[in-house]
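Student: Each protein sequence line maps, in turn, to chains H and E. In the numbering used here, each number is its position in the first sequence, counted from 1, plus 15. In the numbering used here, each number is its position in the second sequence, counted from 1, plus 523. No residue lacks a Cβ here, since even glycine has one placed at the ideal position from N, Cα and C. Predicted model only: the values in this text are computed from it and were never measured.
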Amino acid sequence: DTEVTQTPKHLVMGMTNKKSLKCEQHMGHRAMYWYKQKAKKPPELMFVYSYEKLSINESVPSRFSPECPNSSLLNLHLHALQPEDSALYLCASSQGGGLAEDTQYFGPGTRLTVL
Amino acid sequence: RKEVEQDPGPFNVPEGATVAFNCTYSNSASQSFFWYRQDCRKEPKLLMSVYSSGNEDGRFTAQLNRASQYISLLIRDSKLSDSATYLCVVNILGSGNTGKLIFGQGTTLQVKP
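1) Quick one: which residues of the region 537-552 of chain E get their C-beta closer than 7 Å to a C-beta of chain H? List them in chain order.
2) Does the beta carbon of E/Ser576 come closer than 8 Å to any beta carbon on chain H?
3) Return no unless some Cβ of chain H is closer than 8 Å to the Cβ of E/Asn535.
4) From this set, E/Lys602, E/Gly619 and E/Thr608, which residue's C-alpha is nearest E/Ala540's C-alpha?
5) Taking the runs of the beta strand (DSSP E) that are 3 residues or longer, which of them lie wholly in the region 581-611 of chain E?
6) Leaving out five residues on either side along the sequence, give the residues of the same chain with a beta carbon under 6 Å from the beta carbon of H/Lys53.
7) Touch check for the region 588-597 of chain E and the region 532-552 of chain E: three-plus C-beta pairs under 8 Å?
8) Could you tell me the alpha carbon to alpha carbon distance between H/Gly29 and H/Val129, rounded to whole angstroms?
9) According to DSSP, is H/Pro98 helix, strand or coil?
10) Can you tell which of E/Met571, E/Pro636, E/Asn588 and E/Thr621 has the C-alpha that lies nearest to the C-alpha of E/Tyr548?
11) E/Thr631 and E/Phe534 - do their beta-carbons sit closer together than 8 Å?
12) Is the CB-CB distance between H/Met42 and H/Ser86 below 8 Å?
13) Answer with yes or no whether the minimum CB distance from E/Gln633 to chain H is below 8 Å.
14) Taking 8 Å as the cut-off, decide whether the C-beta atoms of H/Leu93 and H/Leu36 are in contact.
15) Name the one or two DSSP bridge partners that H/Pro23 has.
16) At a CB distance below 7 Å, what residues from the region 107-118 of chain H approach chain B? Give them in sequence order.
17) Tell me E/Lys525's beta-bridge partners as DSSP assigns them.
18) Closer than 8 Å by beta-carbon distance: list the chain E residues that pair up with H/Tyr120, in chain order.
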């Protein structure tokens, strides 16, 4: 079973709203990731959590705030977003603690529209 | 220069054709290599890992040449259901000794009846 789940599937929010994206895996994976994918572009890494600690932040603006409450859950808190932040937000997980040999498995994504 | 380069295509081929995709990467310290498939408006799904010894999974064969920093994917007997974007992906060490995936732009394949 390589299932990563994400909620919600779709989200529309205004620039003054606060919302959260959720990601869950029950495979015992020890690393979890957030990616952003714009239309017709490849995914771009935003954050990596390894053993529930933030390991990589790819210079993401502070209006995106990740949180890893436990080894199965990963949240992305959104506040004061801009229309250009509209994208598909993908969560992934991998078995090791984010080793460079790890295979990452992606969730279905949340399609975010910022008005 | 992009870290992972692919020909974006599109590749338009008839059913039953053999098609080959190539990819080059610039970071010689890259640790692991993959092909992912992404359907329109869906998430990337792992197609196969890629090894220097080459690996085959049914109609799909992947090959890695570390010396040339070159990765290939061969699809034999193409099916309509193979139509998708194929992403060449490299895993490199980021900060904190954590791996990070670097994606190529993707190659679009359209298999026609």
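Tutor: The relevant details are as follows:
1) none
2) With 8 Å as the cut-off, E/Ser576 does not count as an interface residue toward chain H.
3) It does not: the Cβ of E/Asn535 has no partner Cβ on chain H nearer than 8 Å.
4) E/Lys602
5) 583-588 and 593-598
6) Ala102
7) yes
8) 6 Å
9) H/Pro98: helix per DSSP, three-state reduction.
10) E/Asn588
11) yes
12) no
13) It does not; no Cβ of chain H falls within 8 Å.
14) yes
15) Partner(s): none; H/Pro23 has no beta bridge.
16) Among the protein chains of the structure shown, namely H and E, there is no chain B.
17) Per DSSP, none; premise fails for E/Lys525.
18) Leu569
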